[in-house]
Structure formats: C-alpha cells, structure tokens
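Right, one structure below, let's go through it.
Number of protein chains: 2
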Amino acid sequence: MSENPRSMPAKTRRRQLIKATIKCIAKNGLSGTTMADVTSKAGLSLGIVNLHFETKEKLLIETLRFISDEYRNGLDKIFFNDKLSVEEKIIAHVSFDFSRAITDRDKLAVWFAFWGETKSRPTYMSICADYIDEIAKNLTSLFSILKKEGNYTSVDPDLVCICYTALSDGLWLDLLLTPKGWDADDAKAVAMHYLATQFPNNFSHIR
Amino acid sequence: MSENPRSMPAKTRRRQLIKATIKCIAKNGLSGTTMADVTSKAGLSLGIVNLHFETKEKLLIETLRFISDEYRNGLDKIFFNDKLSVEEKIIAHVSFDFSRAITDRDKLAVWFAFWGETKSRPTYMSICADYIDEIAKNLTSLFSILKKEGNYTSVDPDLVCICYTALSDGLWLDLLLTPKGWDADDAKAVAMHYLATQFPNNFSHIR
DNA sequence: GCAAACTGAATGAATAGTTATTCATTTGTA
DNA sequence: TACAAATGAATAACTATTCATTCAGTTTGC
Numbered sequence: 020m021s022e023n024p025r026s027m028p029a030k031t032r033r034r035q036l037i038k039a040t041i042k043c044i045a046k047n048g049l050s051g052t053t054m055a056d057v058t059s060k061a062g063l064s065l066g067i068v069n070l071h072f073e074t075k076e077k078l079l080i081e082t083l084r085f086i087s088d089e090y091r092n093g094l095d096k097i098f099f100n101d102k103l104s105v106e107e108k109i110i111a112h113v114s115f116d117f118s119r120a121i122t123d124r125d126k127l128a129v130w131f132a133f134w135g136e137t138k139s140r141p142t143y144m145s146i147c148a149d150y151i152d153e154i155a156k157n158l159t160s161l162f163s164i165l166k167k168e169g170n171y172t173s174v175d176p177d178l179v180c181i182c183y184t185a186l187s188d189g190l191w192l193d194l195l196l197t198p199k200g201w202d203a204d205d206a207k208a209v210a211m212h213y214l215a216t217q218f219p220n221n222f223s224h225i226r
Numbered sequence: 020m021s022e023n024p025r026s027m028p029a030k031t032r033r034r035q036l037i038k039a040t041i042k043c044i045a046k047n048g049l050s051g052t053t054m055a056d057v058t059s060k061a062g063l064s065l066g067i068v069n070l071h072f073e074t075k076e077k078l079l080i081e082t083l084r085f086i087s088d089e090y091r092n093g094l095d096k097i098f099f100n101d102k103l104s105v106e107e108k109i110i111a112h113v114s115f116d117f118s119r120a121i122t123d124r125d126k127l128a129v130w131f132a133f134w135g136e137t138k139s140r141p142t143y144m145s146i147c148a149d150y151i152d153e154i155a156k157n158l159t160s161l162f163s164i165l166k167k168e169g170n171y172t173s174v175d176p177d178l179v180c181i182c183y184t185a186l187s188d189g190l191w192l193d194l195l196l197t198p199k200g201w202d203a204d205d206a207k208a209v210a211m212h213y214l215a216t217q218f219p220n221n222f223s224h225i226r
C-alpha cells in the first residue's frame, strides 16, 4: 500500500474509500462489509468514513454511483462520437461491455451485490433506472439505423436491444461465477454471435 | 396466517421456516434478514431456528438448496420424459424457465441475493455448481440432436447452450428489477426469438 | 379409568458478540 | 498560533445464540 499523507483533498479521500469499498464488497459481500474492513483496506482510521460520507449507507450508494457513472460515461463517449459509423459504434459498445474495466471481477461482484438487494432497497434501483433507460434508447436507435442501412427488413430493433442487454447481463454473471476456463473475450464472442444472427453482413466475421 | 399447533413434524417446521426465509430475503435482502424477522413471519418463536437448523447460516444454505432443488427437479422431469420429442423437450424447458413457479419474484430475489454473495461464500456456489453443469450438459445434448434431426449444419450446440443460459439469467434479472409493463411471457418470447434464430424450422412460430 | 410422571417440541428473556457512529484528542500544515 | 483533517477509544444499538422454563400430549402405575 502507498503511504497516506496526513491530509488530502476530500475528493481524493472519497475516491480512495470507494475503491476500498469495492474490494471489500467483492471479498466479503454487502452484508459482510464493515466500516473497519473498508477503512483498514484504505489504510486509514475507523472514523474517516463518517467524516467523508456521514453514514455507511451513503458510502454504499456513492460506490454504486461510481461504477454506474463509469459505465454510462464510457457508453456515452461511444454513442456521441461523430467519427464512428453505426456499425463501429455497435462494435465499440460490445467491446466496451467486455473490456477489462467493465469485466473486472471486483466491480462485477459489486453490481450483483446491489442487484441482489434492489427489491428491498429501492434507492439502489433509482440510481440506475434513468440511465439504463437512456442506454437502451441509444442502443435501440443504433440497431434501427443499421436495419435501414443494411436492409434487414425482418429485424425488430427493440427486441434486439432487450435481447442483447439481457444476454450481456447473463454473461457478466457467468464471468463473476465461473471460476476459470472462460474469460471476457469468450463472453464477447457469444454476444457477437447473437448480433451476427441479426445482422449477418455486419458482424459475422468479428471476433 | 394459519394457527400453529404446538407440535409438528420436524420436516414441516423446517419447510415452514424456509418459506418464511424466502419472503424475508425478498423483502429485506440477505443482510437485512434477521432471525426475529423469519420466526415472526412464520408465526413461531425466536429460538426455533436454532432448534431446527442450528445456525442462521445453515438456514440460509437450506433455503438456497430448496429453490435449487426445485429448479433442478423440474428440468430433470422434462429431460427424462420419454414421451416428449427433442423439440418438445426444448420447448418445455423454456416454458419451465419462465413459468410461474420459477419467475416468482420472491424466489428470483433469493437467487440474486445469493449470486451477489457467492464470490465471498464459496459454499453457496458449491451447492449449485454440479447441477448447473448437469443442466448444461443435458441442454447441449438436446441442441445437438436437434441439429442432426433438422439438418442445421452451421449450429454450434455448445455455443447455443451458453448463449441461451446467459440469456435466461439476464431475463430473470430483468423480471426481478423491472417493476411493471413486462412479464414472464414477454421474457419467454425473447428467449424463443433467440432459439428461432438457430432453429428457424422448429421455433419460429412458438409463442 | 385416572392421575401422576415423563417426554420432547416450543418459547422468549437473558447473554455475548458484533458493528455503526460519535467526539475529544492528536497531528501536520499554513 | 490557528486550523482543518484524521484518529481511535468509547458508546449505543442491534442481533445471533443460549438455555431454563412452559406446555401439550403420551405413557405408566395403581
């Protein structure tokens, strides 16, 4: 661990604590993550979370927001990149979904830790609800354009978006649960296989 | 609630407590489920869980085993039913995956509550690991036979099994998270849509 | 036929252990 | 010296587990 200067900008400390929280949730689960774990993982003292986040609950919420923002921002950068064709945007979207940053096992563990509690804690859901909608809208519009451009008359863009999204959720779960012999590149190939069934002229030869 | 006779066979009490545990996990999450919650939901006294399960952890494990067994037994009954054709078995498999019993929101919440903790508790994983393998093997073999029977030369049965399985995991997550305007029949239609891309002569017209 | 003793399931008050939160004190810096 | 950030011992709240007691049904002895 790096040494901790006595004093740091609040933003740095908050990020440091969020990073430690991600590791603790991955290691001990949401229920098993204690303030003592988090602060000692960060190499700081017990009271510091309450100083920077007030409560444990708020730390958890900020942790979820952190990984949510990372995901949303990554996809926005692709969707609003004028230099990419529609086909390239879709490929970039899939590549991002199965990139190192997103399929990091600690972060996957955090996602599913929160999904497992959403029914009981509507707050968790509300953090993601609106941007999930936005991502779906954007992805659907890409499929829509590709349908026109490629003359895929029988494709249903809404259906393809729902199916692709569920598929990638399921593949992430596999990546989290399956211990070995299966990595993000394999998962990406499965996702591409599905897109190739819908847009054979665009994605059949992509690895 | 029904009145509780003072004394009951152990098996009945255990099942009664497991049912209550499922409801509590769905309502309060794994971390928020206390012995007091479970026993009061079951209409019994605080000490009874320790009497029948020894510890809270063992109650949770038996609860996971209960819903796992229910799922595995349902699929086994289909796979080993000699009266069904391969096509009928696959359709029955999908119908079961999106049946009332399996897509019950309380039970889905329990599944994902445990998935969210598996990385930290290998025990949870080990309960499911072997039968997940078995289910995959069986389903792959069905796809394999259908490939031959239907002359689907370019289908990869292993890939289709992985893809279908991930897809249904993701659709279950959607069913758990999405509050309204989307039900198990819709999810089933998405799964069927995928199978139709692989076996168009068998599943294109199935709802 | 009847009550007294026995049995084991069920109860819930008490206990022991854990953990989030507080805040008086310490420490480095300006 | 003054100040803000950080510390960690102490506190308060919560919760799993224990176990002496209660209770209803069954058996035994007369």
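In order, the protein sequence lines correspond to chains G and X.
So the first sequence is numbered by the working numbering: it starts at 20 and just counts up by one.
So the second sequence is numbered by the working numbering: it starts at 20 and just counts up by one.
The beta carbon of each residue, even a glycine, is placed where N, CA and C say it ideally should be.
Name, please, each residue of chain G whose Cβ falls closer than 8 Å to the Cβ of residue i.
i	result
X:F222	Those within 8 Å of X:F222 in chain G number zero; the least Cβ separation is about 13 Å.
X:L83	Neighbours of X:L83 on chain G: none; closest Cβ ~12 Å, over 8 Å.
X:F218	Those within 8 Å of X:F218 in chain G number zero; the least Cβ separation is about 11 Å.
Which of helix, strand or coil does DSSP assign to residue i?
i	result
X:H224	coil
G:G169	coil
X:D101	coil
G:V174	coil
X:E73	coil
G:S21	Reliability of the predicted coordinates at G:S21 is poor, the pLDDT of 37 falling under 50, and the value obtained from them is presented with this limitation in mind. Three-state result, G:S21: coil.
X:F218	coil
X:E81	helix
X:G189	helix
G:P141	helix
X:K199	coil
G:I151	helix
G:F117	coil
X:S64	coil
X:T53	coil
G:E7	No answer is possible for residue 7 of chain G: it lies beyond the span of chain G, which begins at 20 and ends at 226.
X:E89	helix
Note down, in chain order, every chain X residue with its Cβ under 7 Å from the Cβ of residue i.
i	result
G:S139	K46, N47, G48 and G51
G:L190	A185
G:D202	Chain X residues near G:D202: none, gap ~13 Å exceeds 7 Å.
G:D193	A185
Where residue i and residue j are concerned, what is the direct C-alpha to C-alpha distance, given to the nearest angstrom?
i	j	result
G:T216	G:T74	48 Å
X:I80	X:D149	16 Å
X:V129	X:E89	13 Å
G:S21	X:T137	Low local confidence applies: a pLDDT of 37 at G:S21 is under 50, so the model's placement there is unreliable, and no value is given.
G:K60	G:A39	6 Å
X:N92	G:D101	52 Å
G:D202	G:S118	11 Å
G:A132	G:A185	18 Å
G:T197	G:V174	32 Å
G:A45	X:K156	30 Å
X:L78	X:Q35	12 Å
X:F162	X:V179	8 Å
G:N47	X:A210	34 Å
G:L70	G:R124	29 Å
X:I41	X:T82	7 Å
G:T52	G:C43	6 Å
G:S87	X:I151	30 Å
G:I164	X:P219	25 Å
G:L65	G:E76	15 Å
X:F222	X:W191	21 Å
X:V68	G:T31	46 Å
X:A29	X:F72	10 Å
Tell me whether residue i is buried or exposed, calling it buried when 16 or more other Cβ atoms sit within 10 Å of its Cβ.
i	result
X:F99	exposed
G:D116	buried
X:H112	buried
G:R84	exposed
X:K207	buried
X:D188	buried
X:P176	buried
X:A120	exposed
X:K96	exposed
X:K126	buried
G:K108	buried
Under 8 Å between beta-carbons, which chain X residues line up against residue i? List them in chain order, please.
i	result
G:C239	This structure does not reach residue 239 of chain G, given that chain G is present from 20 up to 226, and the question cannot be answered.
G:G135	G48, L49, A128, F131, A132, F133, W134, G135 and E136
Taking 7 Å as the cut-off, does the CB of residue i come closer than this to any heavy atom belonging to the ligand HEM?
i	result
X:S223	In terms of ligand content, the structure shown is empty, and the ligand HEM therefore cannot be addressed.
Below 9 Å on C-beta distance, what does residue i contact in chain X?
i	result
G:M54	Neighbours of G:M54 on chain X: none; closest Cβ ~14 Å, over 9 Å.
G:L70	In chain order: nothing, as chain X lies at least about 24 Å away.
G:L196	W134, T137, K138, M144, C147, A148 and I151
Show which residues of chain G have a CB atom less than 9 Å away from the CB atom of residue i.
i	result
X:L178	A208, V209 and H212
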